[in-house]
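Taking it in order: structure first as structure tokens, then the write-up.
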Amino acid sequence: MRAAVLSAPGSMEIVDLPAPTAGTGEVLVRVEATGMCGSDRHIYVGTSPVALPLVPGHEICGIVVEAPGAAGDDLVGRRVTLDPNIPCRGCPACRRGDPHLCEHLSAIGVSRDGGFAEYVVAPREQAHVLPDDLPAALGTFVEPVGCCLRAIDRAGIRAGSSVVVFGGGVIGLIMLQLALLEGAGEVILVSGQESSRTLAEELGASGTVTPGADPEETAARIRGLVPHGVDVVIECAGTADAFTAATQTPRRGGAVILFGVMPSGQKVEVEPHDLLFRELRIEGSFLNPFSHARAAGLVGAGRLRLERLLTRTIDLDDLPSVLGALPRPGDIKTVVLNHS
Ligand SMILES: [Zn+2]
Ligand SMILES: [Zn+2]
Numbered sequence: 035m036r037a038a039v040l041s042a043p044g045s046m047e048i049v050d051l052p053a054p055t056a057g058t059g060e061v062l063v064r065v066e067a068t069g070m071c072g073s074d075r076h077i078y079v080g081t082s083p084v085a086l087p088l089v090p091g092h093e094i095c096g097i098v099v100e101a102p103g104a105a106g107d108d109l110v111g112r113r114v115t116l117d118p119n120i121p122c123r124g125c126p127a128c129r130r131g132d133p134h135l136c137e138h139l140s141a142i143g144v145s146r147d148g149g150f151a152e153y154v155v156a157p158r159e160q161a162h163v164l165p166d167d168l169p170a171a172l173g174t175f176v177e178p179v180g181c182c183l184r185a186i187d188r189a190g191i192r193a194g195s196s197v198v199v200f201g202g203g204v205i206g207l208i209m210l211q212l213a214l215l216e217g218a219g220e221v222i223l224v225s226g227q228e229s230s231r232t233l234a235e236e237l238g239a240s241g242t243v244t245p246g247a248d249p250e251e252t253a254a255r256i257r258g259l260v261p262h263g264v265d266v267v268i269e270c271a272g273t274a275d276a277f278t279a280a281t282q283t284p285r286r287g288g289a290v291i292l293f294g295v296m297p298s299g300q301k302v303e304v305e306p307h308d309l310l311f312r313e314l315r316i317e318g319s320f321l322n323p324f325s326h327a328r329a330a331g332l333v334g335a336g337r338l339r340l341e342r343l344l345t346r347t348i349d350l351d352d353l354p355s356v357l358g359a360l361p362r363p364g365d366i367k368t369v370v371l372n373h374s
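Counting in the working numbering, the sequence shown tops out at residue 374, every number present.
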């Protein structure tokens, strides 16, 4: 089978590999489409170090072609999405119900071969069925939607809540839609990209904000739009300025959910006195514990406008050059499509 093998940081080639085989309790999936994620760029350039060689790709949609073992029969021929994160189920974190914090977590496309190939193997319980008529490119969105659902679960949005989302990439634009589904009364998106702000308004944002020259100005612009105060801020930009502005934005007693990934080692100044007296709740959101199945349901039912976020499809052959280049302006999501 053809596969994109990363052999060293910045060095990826399309090569012929023996197709993997599925053992009992596993599924062999013919990959139809795999989304390209920000973390794939980090893996590609080496800022997220992983064991190499590796076939990356963790946002996978495809057809099950083999599922040895009686329990797998109903899956053969079905379109599935794979939850890439595989917990050990035995460590203290797994046993207390936090599989995403597993001490021995493995992940498809990160610590074992993933979806930038014609076939991939996974434990059967990682596969979740999607409708046969769902375009495979949209099926790749289940993984990022599942991670966003984790953040939405932690945000505590209630019907009528005011929500601010920092970041106008694919994650911010999914969070915006999920916050609206959750019943938010208003959702404001903060992005420096004009195309993202325009798209956000089309997707139902009640307003958009361009970041100011400093975090104080950004927070003041948002407060100007929400005089009664912001209930929840979801930070998906992953920059120090966005973090600082995010903590300055909520009303007293409000919440900040951290989703954007800042570089390891980066520090940000905070004023504990201010955080305490505003009784701010600040929570991280990591991976997708117990949310992949719900994400598959949402995507399968067409509850999200994902086709507006799919801005580019490429062939597997083009992946090395696309991963090696900067994202094109206005590009939201790129998906690798396998034609077969
Ligand atoms: Zn991803
Ligand atoms: Zn574990």
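Cβ atoms here follow ideal geometry from the backbone N, Cα and C, with glycine treated the same way.
Computed from a predicted structure; not experimentally measured.
Secondary structure at G288: strand, using DSSP grouped into helix, strand and coil. Neighbourhood of ligand 2, defined by CB distance below 7 Å to any of its heavy atoms: P121, C122, R123, G124, C125, A127, C128, P133, C136, E137, H138 and L139, in chain order. Remark: the shortest separation between the CB of P90 and any heavy atom of ligand 1 does not fall under 7 Å. Judged by DSSP in its simplified three-state form, D352 adopts helix. Fully contained in the region 55 to 127 are the following alpha helix (DSSP H) runs of length 4 or more, in chain order: 72 to 79. Here N119 really is in contact with A141; their C-beta atoms are around 5 Å apart, less than 8 Å. The beta carbons of A213 and I256 sit about 15 Å from each other, so the pair does not count as a contact at 8 Å.
Annotation: E250 to V264 spans about 15 Å, alpha carbon to alpha carbon. Unbroken alpha helix (DSSP H) runs of no fewer than 4 residues, entirely contained in the region 207 to 254, are found at 228 to 236, following chain order. Judged by pairs of C-beta atoms under 8 Å, the region 153 to 161 touches the region 56 to 63, as three or more such pairs exist. Ranked by Cα distance from L321, the options T252, R342 and C181 are led by C181.
Not one heavy atom of ligand 1 sits closer than 7 Å to the Cβ of P83. Between T244 and the set G202, G272 and V266, the nearest pair of CA atoms involves G202.
For D265, the uninterrupted beta strand (DSSP E) run begins and ends at V264 to E269, by DSSP. In chain order, L40, P43, G44, M46, P90, L357 and G358 place their CB closer than 8 Å to the CB of Y78, counting only its own chain and leaving out the 5 sequence neighbours on each side. Set against 7 Å, the gap from the CB of S325 to the closest heavy atom of ligand 1 is not smaller.
Taking 8 Å as the upper bound for CB-CB distance, V266 and V197 are in contact here, some 5 Å apart. Here Q300 has A274 as same chain residues with Cβ atoms under 8 Å from its own Cβ, once five neighbours each way along the sequence are excluded. In the DSSP assignment, L309 falls within the unbroken alpha helix (DSSP H) covering P306 to F311. The C-beta of P363 has fewer than 16 other C-beta atoms within 10 Å across all chains shown, which makes the residue exposed. Nearest to I316 by C-alpha distance, out of G288, R231 and N372, is G288. Checking the 7 Å criterion, the Cβ of P261 is out of range of every heavy atom belonging to ligand 1. In this structure, the beta-carbon distance from A271 to G294 falls below 8 Å.
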